[in-house]
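Heads up: the structure comes next, in structure tokens.
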Amino acid sequence: MLVYLLRRLGQSVFVVAAMAVLVFVGVYAIGNPIDILISPEADQIEREAAIARLGLDKPLWQQFLIFVESALQGDLGRSFVYSTDALGLILSKLPATLELAFLALLIAVFLGVPLGMLAGLKPDSVVGKSIMAGSILGFSLPNFWQGMMLILLFAVIFKVLPSGGRGDTVEVFGVAVSFLTLDGLAHLLLPAVNLALFKTSLVIRLARAGTREAMLQDYVKFARAKGLRPSRIVLVHVAKNIMIPVVTILGLELGSMIAFAVVTESVFAWPGMGKLLIDSIQHLDRPVVVAYLMLTVFLFIVINLAVDLLYCVLDPRVRLSEVRA
Amino acid sequence: MRKSTLLCAVSLAAVLASPAVAQELTIGVSAEPSALDPHYHNLGPNNAMRRHMFESLVLSDENQRLSPGLAISYEPLDDTTWEFKLREGVKFHDGSPFTARDVVFTVCRIPTVENSPSSFTVYTKAIAGMEVKDPHTLIIKTDSPYPLLPNEASSWGILSATANGVTGDIGFSRDGCTGIDSYPKTEDFNSGKAAVGTGMYKFKEFTRGEKVVLERNDDYWGGKADWATVTFRPITSDGPRVAALLAGDVDLIENPPLQDLERIKSEGFQVAQGLSNRVIYLHMDQLGEPSPGITGTDKNPFKDIRVRKAMSMAINRDAIVERIMNGVAVPAGELLPQGMFGTTPGAEAEKYDPEAAKKLLAEAGYPNGFGLTIGSPNDRYINDAQVTQAVAQMLTRIGIQTQVDAVTASTFFKRRNAFEFSMYLAGWGASTGEMSSPLRALVATPDKAKGYGGTNAGRYSNPEMDAVIGKALATVDDDKREALLREASQMVIEDYGILPLHYEVTPWAFRKGLSFVPRVDQYTLALGVKPAG
């Protein structure tokens, strides 16, 4: 178990480093951030001075060495735009994104699994068919358009929910969260639904397929023959067995919801990390983009690890060990 | 019922009861300032935010005409010496009085800002010496005659020396002032600690990406602010910003998309439009031979004035304004709109005449035209890529087979500065509001030492015009300077050194019950928003 964990960590360090090199060179190749940041009124002398202030006058390899040197000391550089510590800037946006992603995850699980099981139990009924039709809409309508429609319906026409922003927050252990205030929750609802729609459809399909398959299995027949109540068969035995693919997919999707909720965050002006990433790419704010993607890789590795550990809980047959080729 | 609606209702009731009761204003902005430090980043959103909290010696009004700010007068004593008389009875947000020492402290601090992506030293480097004659009289010396001094003094906000720990006198020197222990850091402004100015509003709260909240400064020297608190919310996407206005979450938004203006009006909201100081222009490579984006000839056709003139005549500016800009723009005949300093009264845009353009092109030796690629950003100016496409079609009609290479701003500026485009579309906003700004940057022969031609990527060169610009920039007398700037402007337009297309018109949209004063510099200021009636 411990060896397994250590080996996984070792691999992840390599992936994070490779990511850093790729992104660093990639952003460098796009353009010079000074072209975007500097006032057009600045003359050539001021332009050169600004380039020197941000350390962009040095050759690429030298800039990279400076980056590596401070990265090893835990400093991922300062944002070109905001002049604040890049990692700190990203982490300051993390709570907003996390609460959005987790609420969306909850919606996806608590809406998707029951609906999917229902559709799996009664595949030919009107209910089952309409659930599946609905999930197709969730899949195929563009996220951006869904968000705009939600705003149009609930904010502009019915005026029951706010159109965007984060609303009131309270401090919990020094972190500003909005899900504990009524106003904050109202602001959280629409973006969370927007983010959850696609995932919910995904979960519905997985749960339905799993349920249909499980219902034909011998253990279900046996349970029936034994005289167990149908509710117990479905809620305990079937539910547990269909969870493995659902957990796998949701694990991966949680990562992408945290790191790349760009569209939802832009549409709802939600001050999260995805919004920061897209702004930073537009400004060629290299320290932030590099730090962000390194953090993302790390996040995916941690989530994958958590998913593996969760398998053990769900299915005692699974053992964590290295697969050797 | 949502809180903001409730607030609106409450404040509306309050207005009906008594007009002086506290009110709140929420503004949806399209870009957020990168910091609240007034000297950190010389860029539109920062400069707009600065004006609420930190005032400057000279004010620049909605038409960018100068008027007294913290200085009640500014007069040249001789060609290189200026006397600024400062306003008495002005207090900073912390209660300390405003004196000449604060101005010196500010000018000392500007070059010391760490990691500034675009420094304000461009507006203070002309200052060679400062002398505090008495607490409310300041003498400023320049190296050579420098007429732009008051104009540039309208660009930087004044900090308090006392609030930043200065107790004695400050000795000014360009290489570092004496009498100052330390300067406030950029973070201290974001946290509000150092955000002490003399402005009509003062700092209340700043959460990056979420909101900037300002509150009324009750001790303001110039009267009472209209709003008890003002909240700026960055909503960068156009659609959601409009939706926030329609939903009543914000009271006013900047830059609503042109195609949405009709809808906004039909829903009972108001739209204000104002001519801006930004000209959209085409620049042509007038140095390279051959030029990278030109095919079908090994010469550079743009070196021939007849070709440049033919292209200008081939462009139907009225059609661009009407069809692509929805009428929200004005065809340009110069680099600054009519009425601003240094413009020629009555200067009109080139007349559209494709037949004459064809003839002129044949005369110049290109009866069958040539191939051309125009570079353009696609996310920087209003409908920029569509405008370039329209220009390309118009040029193709007179025989110049034109293609468009439209890319995102970061890539566009990199390639433009590497002279990869034979012709490109870009825009210029004259932040000083006078003709010297576009002339010096866009068409003067590039010269690093003089700071000329910094954005002249067409490398147009006209030594006679350079001389006139140089003379204008050394003439302190306003009337004489304006005449010289007019002369230089006419020289470049008659030489077709650059092709102005149109001036952008900036739209704002807001709820009923407000009035708003549009600004030439495109800034969205709460100072210009008033309850109507």
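Each protein sequence line maps, in turn, to chains A and B.
Residues in the first sequence are numbered from 1 upward in steps of one, following the numbering used here.
Residues in the second sequence are numbered from 326 upward in steps of one, following the numbering used here.
Note that CB positions come from ideal geometry on N, CA and C, so glycine has one too.
Less than 9 Å separates the beta-carbon of residue 53 of chain A from that of residue 441 of chain B. For residue 839 of chain B, the secondary structure class from DSSP, reduced to helix, strand or coil, is strand.
The segment 611-681 of chain B contains, as complete beta strand (DSSP E) runs of 3+ residues, the segments 654-656 (chain order). Looking from the CA of residue 470 of chain B, the closest CA among B/401, B/350, B/582, B/530 belongs to B/401. Using a CB distance cut-off of 9 Å, residue 822 of chain B does not count as an interface residue toward chain A.
Looking only at B/405, B/605, B/686, the smallest Cα-Cα distance to residue 455 of chain B is reached by B/405. Per DSSP, the beta bridge partners of residue 748 of chain B are B/609, B/699. Checking the DSSP bridge columns, you'll see residue 466 of chain B partnered with B/406, B/454. Residue 247 of chain A does not reach chain B, its nearest Cβ partner there being about 32 Å away, counting only Cβ pairs nearer than 9 Å. Looking at the backbone, the Cα of residue 173 of chain A and that of residue 243 of chain A are separated by about 33 Å. Interface criterion met: the Cβ of residue 276 of chain A is under 9 Å from a Cβ in chain B. Taking 8 Å as the Cβ-Cβ cut-off, the segment 26-42 of chain A approaches chain B at 30, 31, 32, 33, 34, 35, 36, 37, 38, 39, 40, 41, 42, given in chain order.
The segment 646-663 of chain B and the segment 806-820 of chain B touch, with no fewer than 3 CB-CB distances between them shorter than 8 Å.
Interface residue (Cβ-Cβ distance to chain B less than 9 Å): residue 211 of chain A is not classified as such. When secondary structure is reduced to three states using DSSP, residue 856 of chain B falls in the strand class. Here residue 617 of chain B has 745, 747 as same chain residues with Cβ atoms under 7 Å from its own Cβ, once five neighbours each way along the sequence are excluded.
Contact check for residue 665 of chain B against residue 555 of chain B fails: the beta carbons are separated by 9 Å or more. Residue burial is scored here from C-beta neighbours: residue 734 of chain B has at least 16 other C-beta atoms within 10 angstroms and is therefore classed as buried. Taking a beta-carbon distance threshold of 9 Å, residue 59 of chain A does not count as an interface residue toward chain B. Following the DSSP letters along the chain, one finds residue 353 of chain B inside the beta strand (DSSP E) bounded by residues 349-354. Taking the Cα positions, residue 627 of chain B is about 6 Å away from residue 633 of chain B. Flagged as an interface residue toward chain B: residue 271 of chain A, by a C-beta distance shorter than 9 Å.
For the options A/238, A/65, A/232, A/202, the alpha carbon positioned closest to that of residue 217 of chain A is the one of A/238. As the crow flies, the alpha-carbon of residue 687 of chain B is around 33 Å from that of residue 738 of chain B. Comparing alpha-carbon positions, the option among A/56, A/266, A/98 lying closest to residue 177 of chain A turns out to be A/98. In the DSSP assignment, residue 11 of chain A falls within the unbroken alpha helix (DSSP H) covering 2-30.
Identification of residues in the segment 721-741 of chain B having a C-beta nearer than 7 Å to some C-beta of chain A yields 734, 735, 736, 738, 739, given in sequence order.
For a Cβ distance threshold of 8 Å, residue set 565 of chain B lies close to residue 268 of chain A, ordered along the chain. Around the beta-carbon of residue 706 of chain B, 16 or more other beta-carbon atoms lie within 10 Å, marking it buried. Non-local beta-carbon contacts of residue 625 of chain B in its own chain, meaning distances under 7 Å to residues more than five positions away in sequence, involve 610, 613, 614, 615, 616, 619 in chain order. One finds 564, 565, 568 in chain B with Cβ atoms closer than 8 Å to the Cβ of residue 148 of chain A, taken in chain order. Inclusion of residue 595 of chain B and residue 836 of chain B in the CB contact set at 9 Å is warranted, their separation being smaller than that value.
Sequence-distant Cβ neighbours of residue 247 of chain A in its own chain, meaning closer than 8 Å and more than five residues away, are 307, 310, 311, 314. Only exposed fits residue 133 of chain A, as fewer than 16 other CB atoms lie within 10 angstroms of its CB.
Looking at the DSSP output, residue 578 of chain B bridges to B/353, B/834. Taking 9 Å as the threshold, the shortest C-beta distance from residue 365 of chain B to chain A falls below it.
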